[in-house]
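J.:
Number of protein chains: 2
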Amino acid sequence: MTQKSSESPKQALFAQFAAVAKAVAHPHRLALLEQLAQGERSVELLADRVHLSIANASQHLQHMRQAGLVSGRRDGKFVFYRLTDDSVLDLLAAIQRVAERNLAEVDRVVRGYFNDRDSMEPVSRAELLERMKLGLVTVLDVRPADEFALGHLPGALNVQLGELERRLTKLNKSKEIVAYCRGPYCVLSYEAVALLRARGFKVRRLQDGLPEWRAAGLPVETTTQRL
Amino acid sequence: MTQKSSESPKQALFAQFAAVAKAVAHPHRLALLEQLAQGERSVELLADRVHLSIANASQHLQHMRQAGLVSGRRDGKFVFYRLTDDSVLDLLAAIQRVAERNLAEVDRVVRGYFNDRDSMEPVSRAELLERMKLGLVTVLDVRPADEFALGHLPGALNVQLGELERRLTKLNKSKEIVAYCRGPYCVLSYEAVALLRARGFKVRRLQDGLPEWRAAGLPVETTTQRL
DNA sequence: CCATCATTCAACAGATTTATTGAATAATGC
DNA sequence: GCATTATTCAATAAATCTGTTGAATGATGG
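From first to last, the protein sequence lines are chains B and A. Residue -17 is where the first sequence starts when you use my numbering, and the numbers rise one by one after that. Residue -17 is where the second sequence starts when you use my numbering, and the numbers rise one by one after that.
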């Protein structure tokens, strides 16, 4: 982590860039970052969500802090971590894109969710915006209620995965549904799409999650609006 | 590298994404990728440029191939590697951006090249295009001649770092100079800017390198045009 | 088919990373 | 001050990653 200044500047730069890459190169850390993409979180909550021991989560967070990916703020007994920058979201999205395009294995995993690969094409932000204006789509937010309450796409319905089946009848079968959830990594939306499609709905998922939507300066609602 | 299918799909995805990140999380591999961003290269040439043993370079390349970052093609005795996809360029650029924004250490290294930090602001592709049309800038390509011959920005001058000082007098001091070289990581352009600025020229560097320019679908010249 | 060259493979030691444990620090409320 | 809670630190063992070496493979040309 500490760099020798004896190296050539070029090598020193590469070493620094590699340090950034290393900081995201671990499944647990990616999971932590996905959580943090939703907003500030305490160490305890993060550890719980990602199923890590507190000490381990703390260690990973510190590692990422050293690399400049996250920063921590102490408030009373708690330390709240957050992403330092929107550029971190870009990085996560870039990793996902490379993985999706290049890795047969990701394909295999994703295919487990979908019968028909072609129709899993995600909807871009721009396309969704346009179709929302025309009233053509039902926007579905599949995140937990507390995250939804803190901000969601305008007019979105919040239905968690577990409740989805029960509430199916209330969904308009003629409108296309667009599901979204967290960051670039959220798998909930994949699962929701798979479930709804199996029931005959026309569903796609949003390319990115809420953090990217927010980062793009698009409108976010905070009022709860339930099915 | 090989993944247990016993994991939850979510964990499996994270593991795959982490594998991609790991594949770029090493200074030597970043150096190799920078070379590959210029175009196909044989293992031997890569090993030489990055100062690695052949076996070591081969190992790193295979590692990256497994992660889907590069792909190899055999032609006679040689194996030529190339980036599988433009999405890899995005990933490299994203890493650099995070590092530049967040890491004090990168700052320190870069500052070693520049006296005056504010004026090191890079020029965006769009801005450069516009100023090129208006004839306001001299575009300077500081890559080796062979790379230049294979493609460069329209009207660019090719002067390598070593020759730069000798050819100074032929540069128009009233026009702004924009220097560029390889990918997002190329340090040559930083050095060129530092040198020229020390001589009183008005210089900035292009935000990205040639690969990004090409990937954006912008025009590339192949005729050699010398100072 | 043999010699040569480019690349890959296999095996090993050395270095780095990770998860776990238990102790240390920091802030709070009584 | 003292007990409690949240987080960090330190030490350790297990796992993984790196670079080197020398041998194996694949392709070419005589």
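Don't be surprised by glycine CBs; every beta carbon is placed ideally from N, CA and C.
(1) DSSP state of S24(B), grouped into three classes?
(2) Suppose contacts are defined by Cβ-Cβ distances below 7 Å. Is F130(B) in contact with I77(A) by that definition?
(3) Mind reading off the beta-carbon distance from H42(A) to L71(A)? Whole number of angstroms is fine, and I expect it under 8 Å.
(4) Given a limit of 7 Å on CB to CB distance, which residues of the stretch 65 to 89 of chain B reach chain A?
(5) Keeping to the same chain, check which residues put their C-beta closer than 8 Å to that of G119(A); ignore five residues upstream and five downstream.
(6) For the alpha helix (DSSP H) holding L73(A), just list the boundary residues, first then last.
(7) Out of curiosity, what's the CA-to-CA distance linking P126(A) and A138(A)?
(8) Select from G133(B), G182(B) and E145(B) the residue whose C-alpha is nearest the C-alpha of V202(B).
(9) On the CB-based measure, 16 or more other CB atoms within 10 Å of its CB, does L(-5)(A) come out buried or exposed?
(10) Give me the Cα-Cα distance between A7(A) and M46(A), rounded to the nearest whole angstrom.
(11) Using only the alpha-carbon positions, how far apart do S40(B) and A81(A) sit?
(12) Does L43(B) come within less than 7 Å of chain A when only Cβ atoms are used?
(13) I'd like to confirm the pairing. Which residues does DSSP put opposite D57(B) in its beta bridges?
(14) Beta-carbon of F62(B) versus every beta-carbon of chain A: anything under 7 Å?
(15) Quick test of your reading: P136(A) and R186(A), contact by CB under 8 Å. State the CB separation rounded to the nearest angstrom.
(16) Is it true that the CB of A5(B) sits closer than 7 Å to the CB of A49(B)?
(17) Please report how far the alpha carbon of K59(B) lies from the alpha carbon of L28(B), in whole angstroms.
(18) Once the 5 residues before and after T(-16)(A) are set aside, which same chain residues still bring their CB inside 6 Å of it?
(19) Just to confirm the assignment, what range does the alpha helix (DSSP H) spanning L178(B) have?
(20) Going straight from the alpha carbon of V61(A) to that of K152(B), what length do you get?
(21) Anything in chain A within Cβ reach of V6(B), meaning under 7 Å, just list it in chain order.
(22) Can you pull out the residues from the stretch 46 to 61 of chain B whose beta carbon lies closer than 8 Å to at least one beta carbon of chain A?
(23) Quick check: the Cα distance between L143(B) and G21(B), rounded to an integer number of angstroms?
(24) Rounded to whole angstroms, what's the CA-CA distance from D67(B) to R79(A)? Just pull it up for me.
(25) Is there a Cβ of chain B sitting closer than 7 Å to that of L18(A), yes or no?
(26) Quick one: using the 10 Å Cβ neighbour count with 16 as the cut-off for buried, is E145(B) buried or exposed?
(27) Where does the unbroken beta strand (DSSP E) through L150(B) begin, and where does it stop?
(28) State yes or no: is the beta carbon of L177(A) nearer than 7 Å to at least one beta carbon in chain B?
(29) Identify the contact partners of L12(A) in chain B, using a Cβ-Cβ distance below 7 Å as the criterion.
(30) With DSSP run on the structure shown, which of helix, strand or coil describes A161(A)?
(31) Could you tell me whether the Cβ of P210(A) comes closer than 7 Å to any Cβ of chain B?
(32) Could you name the residues of the same chain whose beta carbon sits closer than 7 Å to that of S24(B), not counting the 5 residues immediately before and after it, in chain order?
(33) I need the straight-line Cα distance from D57(B) to L34(B), nearest angstrom please.
(34) Please classify S191(B) as buried or exposed, where buried requires at least 16 neighbouring CB atoms within 10 angstroms.
(35) For a test of the three-state rule: what should DSSP assign to H33(A), helix, strand or coil?
(36) Would you kindly check if the distance between the Cβ of L74(B) and the Cβ of L18(B) is under 7 Å?
T.: On the basis of the data shown:
(1) As a working note, residue 24(B) is residue 42 in the first sequence. In the structure shown, S24(B) sits in a strand (DSSP, three-state: E or B).
(2) By 1-based counting over the first sequence, the position of residue 130(B) is 148. By 1-based counting over the second sequence, the position of residue 77(A) is 95. Their beta carbons are not under 7 Å apart, which means F130(B) does not touch I77(A) by this criterion.
(3) As a working mapping, residue 42(A) is identified with position 60 in the second sequence. As a working mapping, residue 71(A) is identified with position 89 in the second sequence. Rounded, the Cβ-Cβ distance is 18 Å, inconsistent with contact.
(4) Only T66, D67, S69, V70, D72, L73, A76, I77, Q78, R79, V80, A81, R83, N84, L85, E87 and V88 from the stretch 65 to 89 of chain B bring a Cβ to less than 7 Å from some Cβ of chain A.
(5) Looking up residue 119(A) in the second sequence gives position 137. It should be noted that the sequence gives Val, not Gly, for residue 119(A). Result list for V119(A): L110, R113, K157, E158, I159 and V160, in chain order.
(6) Residue mapping note: residue 73(A) aligns to position 91 of the second sequence, counting from 1. Annotation for L73(A): the continuous alpha helix (DSSP H) segment containing it runs D68 to N84.
(7) The count along the second sequence starts at 1 and reaches residue 126(A) at position 144. The count along the second sequence starts at 1 and reaches residue 138(A) at position 156. Each residue's Cα considered, the two are about 13 Å apart.
(8) For this step, residue 202(B) is matched to residue 220 along the first sequence. Closest option to V202(B), Cα to Cα, is G133(B).
(9) On the second sequence, residue -5(A) is found 13 positions in, with the first residue counted as 1. Looking at its Cβ environment, which holds 16 or more other Cβ atoms inside 10 Å, L(-5)(A) is buried.
(10) Here residue 7(A) refers to the residue found at position 25 of the second sequence. Here residue 46(A) refers to the residue found at position 64 of the second sequence. Our two residues, A7(A) and M46(A), have alpha carbons roughly 10 Å apart in a direct line.
(11) The residue given as residue 40(B) occupies position 58 in the first sequence. The residue given as residue 81(A) occupies position 99 in the second sequence. A straight-line Cα-Cα distance of about 22 Å links S40(B) and A81(A).
(12) Start at 1 with the first residue of the first sequence, and residue 43(B) comes out as number 61. No, no contact with chain A.
(13) To locate residue 57(B), count along the first sequence from 1; it is residue 75. Within the DSSP secondary-structure output, D57(B) pairs in a beta bridge with F60(B).
(14) Within the first sequence, numbered from 1, the residue matching residue 62(B) stands at position 80. So, not an interface residue.
(15) Sequence index remark: in the second sequence, residue 136(A) carries index 154 (1-based). Sequence index remark: in the second sequence, residue 186(A) carries index 204 (1-based). Their Cβ separation, rounded to whole angstroms, is 18 Å, which puts P136(A) and R186(A) out of contact at 8 Å.
(16) Here residue 49(B) corresponds to residue number 67 of the first sequence, with the count starting at 1. Here residue 5(B) corresponds to residue number 23 of the first sequence, with the count starting at 1. Taking 7 Å as the Cβ cut-off, A49(B) and A5(B) qualify as a contacting pair.
(17) Position 77 of the first sequence holds residue 59(B). Position 46 of the first sequence holds residue 28(B). Rounded to the nearest angstrom, the two C-alpha atoms are 15 Å apart.
(18) As a first step, residue -16(A) must be located in the second sequence, where it is residue number 2. Because the pLDDT of T(-16)(A) is 40, which lies under 50, any placement of that residue in the model is unreliable, and the question is left without a value.
(19) Position 196 of the first sequence, counted from the first residue, corresponds to residue 178(B). Counting along the chain, the alpha helix (DSSP H) containing L178(B) begins and ends at L170 to A180.
(20) Sequence index remark: in the second sequence, residue 61(A) carries index 79 (1-based). Sequence index remark: in the first sequence, residue 152(B) carries index 170 (1-based). Whole-angstrom Cα-Cα distance: 58 Å.
(21) By one-based count along the first sequence, residue 6(B) stands at place 24. By Cβ distance, chain A contributes A3.
(22) Going along the stretch 46 to 61 of chain B in chain order, one finds A49, G50 and L51 with a Cβ nearer than 8 Å to chain A.
(23) Against the first sequence, residue 143(B) aligns to sequence position 161. Against the first sequence, residue 21(B) aligns to sequence position 39. The C-alpha of L143(B) lies about 21 Å from the C-alpha of G21(B).
(24) By one-based count along the first sequence, residue 67(B) stands at place 85. By one-based count along the second sequence, residue 79(A) stands at place 97. Approximately 10 Å between the Cα atoms of the pair.
(25) Translated into positions along the second sequence, residue 18(A) becomes position 36. At a cut-off of 7 Å between beta carbons, L18(A) makes no contact with chain B.
(26) Along the first sequence, read from residue 1 onward, the residue named residue 145(B) stands at position 163. E145(B) sits exposed, since fewer than 16 C-beta atoms from the chains shown fall within 10 Å of its C-beta.
(27) For this step, residue 150(B) is matched to residue 168 along the first sequence. In this chain, L150(B) is not harboured by any beta strand (DSSP E), its DSSP state being neither H nor E.
(28) One-based indexing of the second sequence puts residue 177(A) at position 195. L177(A) does not count as touching chain B.
(29) Taking the first residue of the second sequence as position 1, residue 12(A) is located at position 30. Contact note: L12(A) reaches chain B through F(-4), F(-1) and A0, using a C-beta cutoff of 7 Å and chain order.
(30) Counting from one through the second sequence, the residue named residue 161(A) turns up at place 179. It is a strand residue.
(31) For chain A, the structure presents residues -17 to 209; residue 210(A) sits outside this window and is missing.
(32) For this step, residue 24(B) is matched to residue 42 along the first sequence. Cβ within range, chain order: F60, V61 and F62.
(33) Residue 57(B) sits at position 75 when you count from the first residue of the first sequence. Residue 34(B) sits at position 52 when you count from the first residue of the first sequence. Computed Cα separation, rounded: 22 Å.
(34) To locate residue 191(B), count along the first sequence from 1; it is residue 209. One detail in the question is off: residue 191(B) reads as Gly in this sequence, not Ser. Result: buried.
(35) In the second sequence, residue 33(A) corresponds to position 51, counting from 1. Coil.
(36) Within the first sequence, numbered from 1, the residue matching residue 18(B) stands at position 36. Within the first sequence, numbered from 1, the residue matching residue 74(B) stands at position 92. Cβ atoms of L18(B) and L74(B): not closer than 7 Å.
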